[in-house]
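Using the working numbering, read the sequence shown as starting at 32 and increasing by one per residue.
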Amino acid sequence: MAKQVQMKKTLGLTGVTMNAMALIAPGAFLWLTFQMQAAQTVAGRSTAMDMFPGLALALVLALLTAISYAKLATLYPEAGTGSSYYFAEQAFMSTEKLSVFSRVYKFVVGWFSHLYYWVYPGLMAGMFAVLIGYIAGQFGIALSIPVQMLIAVALAAATGFIAFHGVTGSTAFSIIVNVIQMVTIIFISVLAIAYRAANPQHVVFVHKTMLDIIVPHSFSGMLFQSTISILVLVGFESATALAAESKSVKCVSRGTVLSLLLQGLVFYFLEYIATNGWINTSYTVNGKHGYAAAAVSSAPIGDMMQNLGDTLLHGSGFTCMILVAISVAIAVVGSTLSCMNTGVRVTYAMAKDDEMPTVLNALHGKYATPYNAVRSITVVSAAVGALSVINITALTAVTLISNIGTFLLYGMTNLIALVAQARRPKRNPLTAVVVPVLGMLANAGMLVAVVVMGILSGGSTKVSAVLAIGASLAWLAVGTVYFRVHSRKAGKDILVDKNAASAQ
């Protein structure tokens with residue numbers, strides 16, 4: 032009999048943390064979301080002044096979910112690649128009244144996690160193609176939509192190739208990406224703060240003091256800004272899908288929280304304080320000034336880098352802008368790869384559990400990667416990426432689909448954490464009750480806010496929101512049919528009691 036291939040435990044705390052940090056990618060999302068944040072309004076009033084307070088609130092909300100993930104990783108060290116999918120079954124089986132729903136709930140968690148993990152890489156591939164189009168445009172080269180579609184497909188294929196060759200190579204790439212991001216963020220922040228301190232052009236800054244950047248200006252502004260900021264902080268949970276390849280469960284639980292703290296509390300805070308400190312009334316785009324100019328610019332961070340390079344680095348603004356744009360593209364690749372690695376491992380866990388086609392649980396003999404799952408997610412990512420570059424409506428729809436999957440997964444995971452700790456002796460009320468309850472409410476609120484804001488925005492954004500809701504409902508319908516048909520063919524009970532599940 033051939034020796035069974037198993038995943039290898041090669042990752043320490045650094046490896047686990049670096050993989051999760053690559054998915055969070057502050058070096059990419061500052062560039063990708065700043066225009067959206069500058070353009071956001073509530074009842075016709077700009078919320079841009081509350082950009083940093085919104086980020087701070089989002090970080091607190093994200094930490095609630097990160098703590099729940101870390102706690103679950105500690106409670107269930109044998110989770111392997113299953114993450115929330117595995118946690119769901121074990122938590123529900125530990126409670127007499129809920130054990131009957133254990134199989135249903137774990138399937139729902141695993142199925143909807145695909146809206147996040149299998150759509151997000153395609154979204155990043157599309158954004159990468161758009162970014163390459165922007166860089167090419169700076170040299171007077173206009174890339175057509177078909178060319179951008181090919182670029183998205185190429186990125187999906189490249190990341191799939193790296194993922195196919197194992198987590199060790201992926202980790203090495205993630206470390207390189209993170210180092211590039213850190214250096215770039217520090218470079219941008221130092222220049223922006225130096226400009227603020229020296230004020231070489233004698234401009235009037237929008238924020239009169241640095242403290243004004245941090246202090247909330249309105250509760251509604253901070254709240255609505257947080258609905259965007261929370262999207263740039265997701266990815267920390269990917270550490271829990273690496274449990275099968277981690278040397279210790281402590282690496283997983285610590286890496287989950289540490290990745291969020293490093294990227295959110297250190298690098299996101301630094302870059303958002305610096306860039307918001309640079310915004311001034313002399314910054315003009317299409318006759319608009321300050322945040323209004325950033326709202327209509329195709330790349331406000333690119334504009335800022337041109338200004339900083341020209342004024343502080345002897346007219347090297349264009350070079351600085353191009354270098355930062357390239358670093359953003361590299362960060363997008365790292366984020367795509369990290370999410371792809373997480374997605375295939377959750378799929379592998381479901382297939383190994385016979386809740387998805389078993390062909391997806393095959394491991395490569397040399398690289399010990401779920402190669403059929405990698406091939407599948409690569410094809411899906413290529414298709415999603417190609418579709419997302421067609422127009423802004425398609426890109427926004429894909430973004431919202433990924434967001435819906437993210438908030439559903441995070442909300443359900445907080446419920447799992449609540450159930451898992453309900454009857455444990457010597458439980459900490461803060462981490463066992465307060466944190467997961469607040470985490471559930473926060474993610475439910477964010478889900479509603481993102482969808483409602485999309486619909487109320489009108490125009491193409493409303494169309495995107497409707498498409499995203501429709502796609503999510505379609506995915507639910509497909510999952511429901513698949514679950515019932517597969518259960519009948521496999522002779523599995525949909526509702527099972529604790530004893531029956533233990534006997535399987």
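Where a beta carbon is used, it is the ideal one built from N, C-alpha and C, also for glycine.
A Cβ-Cβ contact shorter than 8 angstroms links residue 71 with residue 78. Around the C-beta of residue 57, 16 or more other C-beta atoms lie within 10 Å, and the residue is accordingly described as buried. Taking all protein chains shown into account, residue 170 has fewer than 16 neighbouring C-beta atoms within 10 Å of its C-beta and is therefore exposed. Collapsing the DSSP output to three states places residue 77 in a strand. Under the DSSP assignment, residue 344 falls outside any alpha helix (DSSP H); it carries neither an H nor an E label. Out of 191, 110, 512, the CA that lies nearest to the CA of residue 405 is found in 191. No Cβ-Cβ contact shorter than 8 angstroms links residue 246 with residue 311. Following the DSSP letters along the chain, one finds residue 398 in no alpha helix (DSSP H), marked with neither H nor E. CA-CA distance, residue 231 to residue 176, rounds to 41 angstroms. Three or more Cβ pairs drawn from the stretch 197-210 and the stretch 362-370 lie within less than 8 angstroms of each other, which places the two stretches in contact. The C-beta separation of residue 93 from residue 261 comes to about 6 angstroms, placing the pair in contact by the 8 angstroms criterion.
In this structure the stretch 119-128 does not touch the stretch 285-296; the number of beta carbon pairs closer than 8 angstroms is below three. 8 angstroms or more divides the Cβ of residue 338 from the Cβ of residue 327. Per DSSP, reduced to three states, the secondary structure at residue 170 is coil, with no helix or strand assignment. Look at the beta carbons and you see the stretch 438-454 not touching the stretch 391-407: under three pairs across the two are nearer than 8 angstroms. Excluding five sequence positions before and after residue 152, the CB atoms of its chain that fall closer than 6 angstroms to its own CB belong to 367, 370, 371, 412, given in chain order. In its chain, beyond the 5 residues on either side, 82, 83, 238, 244 have a beta carbon closer than 7 angstroms to the beta carbon of residue 307.
Here the alpha carbons of residue 453 and residue 461 stand approximately 12 angstroms from one another. The beta carbon of residue 472 sits closer than 8 angstroms to none of the beta carbons in its chain outside the five residues before and after it.
Taking C-beta atoms as the reference points, residue 298 and residue 381 fail to come closer than 8 angstroms.
Partner residues in a beta bridge of residue 298, as assigned by DSSP, do not exist.
If the five residues before and after residue 112 are omitted, its C-beta is found closer than 6 angstroms to the C-beta atoms of 272, 275, 376, 379, 380, all from its own chain and listed in chain order.
It is roughly 11 angstroms from the alpha-carbon of residue 469 to the alpha-carbon of residue 98. Residue 342 is positioned such that its CB atom lies no closer than 8 angstroms to that of residue 427. In this structure, residue 91 lies away from residue 255, with their beta-carbon atoms at least 8 angstroms apart. Of the other Cβ atoms in all chains shown, fewer than 16 fall within 10 Å of the Cβ of residue 515; this residue is therefore exposed.
By the Cβ-count criterion, residue 267 is buried, with 16 or more other Cβ atoms from all chains shown falling within 10 Å of its own Cβ. In the three-state reduction of the DSSP assignment, residue 316 falls in the strand class. Separation of residue 75 and residue 391 (C-alpha to C-alpha, rounded to the nearest whole angstrom) is 49 angstroms.
Beyond the five residues adjoining it in sequence on each side, residue 48 comes within less than 6 angstroms, by CB distance, of 286, 289, 290 in the same chain, given in chain order. Exclusion of the five residues before and after residue 503 leaves 146, 432, 435 as the residues of its chain whose Cβ lies within less than 7 angstroms of its Cβ. DSSP places residue 279 outside both helix and strand once states are collapsed to three, so it counts as coil. Residue pairing by DSSP puts residue 72 in a beta bridge opposite 77. Residue 277 holds the alpha-carbon nearest to the alpha-carbon of residue 199 among 154, 277, 166, 520.
Taking the Cα positions, residue 294 is about 30 angstroms away from residue 424. The continuous alpha helix (DSSP H) containing residue 467 extends over residues 466-488.
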